[in-house]
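Report on one structure; see the data block that follows.
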Amino acid sequence: HRVEAWYYSPFPAPYSGVDTLYICEYTLKYMRKAGYYRRHCGTCPVRTPPGDEIYREGNLSVYELDGKEHRVYCQNLCLLAKLFLDHKTLYFDVDPFLFYVLCEVDNRGYHPVGYYSKEKYSDVGYNLACILTFPAHQRKGYGRFLIAFSYELSKKEEKVGSPEKPMSDLGQQAYIPYWTSTIVDFLLHGSGDRTSMSVMDIARRTSIMAEDIIFALNTLGILKFVNGVYFIAAGREDLEDLARRHPVKEPRVDPSRLHWTPYLNDVPKRDKFSISSKKPSVE
Numbered sequence: 003h004r005v006e007a008w009y010y011s012p013f014p015a016p017y018s019g020v021d022t023l024y025i026c027e028y029t030l031k032y033m034r035k036a037g038y039y040r041r042h043c044g045t046c047p048v049r050t051p052p053g054d055e056i057y058r059e060g061n062l063s064v065y066e067l068d069g070k071e072h073r074v075y076c077q078n079l080c081l082l083a084k085l086f087l088d089h090k091t092l093y094f095d096v097d098p099f100l101f102y103v104l105c106e107v108d109n110r111g112y113h114p115v116g117y118y119s120k121e122k123y124s125d126v127g128y129n130l131a132c133i134l135t136f137p138a139h140q141r142k143g144y145g146r147f148l149i150a151f152s153y154e155l156s157k158k159e160e161k162v163g164s165p166e167k168p169m170s171d172l173g174q175q176a177y178i179p180y181w182t183s184t185i186v187d188f189l190l191h192g193s194g195d196r197t198s199m200s201v202m203d204i205a206r207r208t209s210i211m212a213e214d215i216i217f218a219l220n221t222l223g224i225l226k227f228v229n230g231v232y233f234i235a236a237g238r239e240d241l242e243d244l245a246r247r248h249p250v251k252e253p254r255v256d257p258s259r260l261h262w263t264p265y266l267n268d269v270p271k272r273d274k275f276s277i278s279s280k281k282p283s284v285e
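For the sequence shown, the numbering used here begins at 3 and goes up steadily by one.
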């Protein structure tokens, strides 16, 4: 693909001043000249990102990379991402982060189409720091897939999570549809025969943070305030109508295809974002 850059990215000299930068899709090594690029492609044996493949379903694969162990690749990924993200500030200090690279798989190899990063430990409960679907692969549902994937990892960690705040306008455009569709789908299909449901019940099952659930319920118009108490007020017909207007879109994450264990760190075990610490609030 030949793609026009949207923003400045601080590639080191002498790469920062060139009109065209050639990048190997497998190693993310960047080169100034087409000849260098062709020779590299002719001899490069790499066909996958570094790190561990933790998800595979059909032609989609996700690799997990530790910024400390795969520093050069992750730095190159951040420099590449900055070409298409206005607000990104992380380029070189990648050690505290984990990176999740989404790939399309064919008989030629694993082709990165997007990624997200997250802190190895966030004291404010963030489960995603930066996200990008590469321009050539946008409008395929991959951004939504990566958001859903971040919450599946939070479920594995038995925590609630939220994207890094404040969110950009583009971030809100991506997250609000995910929150609303996921919550409506859960209320319609995941609550069983229960006639009442608290915000914390939803948080425990979806791993979406309570403040984001309340925001989504307000957006949907089903959070009511009566006599000083908030209520989720929606019958089955209301939910079915909302489900038509806020559908869960493909591609979906299949949790059975995820093979992953949470990252271990030295932070004390008591965690205010643990699902087990959540108590019912809004009925």
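For glycine and all other residues, C-beta sits at the position ideal for the given N, C-alpha and C.
Note that the coordinates shown come from a computational prediction; the quantities given were computed from them, not determined experimentally.
- Following the DSSP letters along the chain, one finds residue 126 in no alpha helix (DSSP H), marked with neither H nor E.
- Restricting attention to 219, 114, 11, the CA atom closest to the CA of residue 66 is found in 114.
- By the neighbour-count criterion, in which 16 or more other beta carbons inside 10 Å mark a residue as buried, residue 191 falls on the exposed side.
- Uninterrupted beta strand (DSSP E) stretches at least 3 residues long and entirely within the region 203 to 260 occur at 225 to 228, 231 to 234, given in chain order.
- Straight through space, the alpha carbons of residue 185 and residue 255 are spaced by roughly 16 Å.
- Residue 153 places its beta carbon 9 Å or farther from that of residue 145.
- When the alpha-carbon of residue 89 is set against those of 157, 69, 10, 14, the nearest one is in 10.
- Under the 10 Å beta carbon count, residue 239 is surrounded by fewer than 16 other beta carbons and is classified as exposed.
- Look at residue 120 here: in three-state DSSP terms it is strand.
- Put simply, the backbone Cα of residue 72 is about 47 Å away from that of residue 196.
- The alpha carbon of residue 39 has as its nearest neighbour, out of 111, 220, 24, the alpha carbon of 24.
- In the DSSP assignment, residue 67 is bridged to 101.
- When DSSP states are grouped into helix, strand and coil, residue 134 belongs to the strand group.
- Each residue's CA atom was taken as its position, placing residue 275 and residue 231 some 24 Å apart.
- Between residue 17 and residue 41, the C-beta spacing is not below 9 Å.
- For residue 4, there is no enclosing beta strand (DSSP E), as DSSP marks it with neither H nor E.
- Put simply, the region 48 to 62 does not touch the region 122 to 140. Fewer than three CB pairs are less than 8 Å apart.
- Judged by DSSP in its simplified three-state form, residue 153 adopts helix.
- The beta carbon of residue 221 sits closer than 7 Å to the beta carbons of 178, 182 from its chain, once the five residues preceding and following it are set aside; these are given in chain order.
- In the structure shown, the three-state DSSP call for residue 58 is strand.
- Distance check between residue 76 and each of 63, 118, 61, 62 places 118 closest, using alpha-carbon atoms only.
- In its chain, beyond the 5 residues on either side, 57, 58, 59 have a beta carbon closer than 8 Å to the beta carbon of residue 259.
- Distances from the alpha-carbon of residue 142 to those of 193, 125, 104 put 104 closest.
- With 16 or more other Cβ atoms inside 10 Å of its own Cβ, residue 80 counts as buried.
- Beta-bridge analysis with DSSP links residue 33 to 24.
- Sixteen is the threshold: since fewer than 16 other Cβ atoms of the shown chains lie within 10 Å of the Cβ of residue 198, the residue is exposed.
- With a 10 Å radius around the Cβ and a threshold of 16 neighbouring Cβ atoms, residue 170 comes out exposed.
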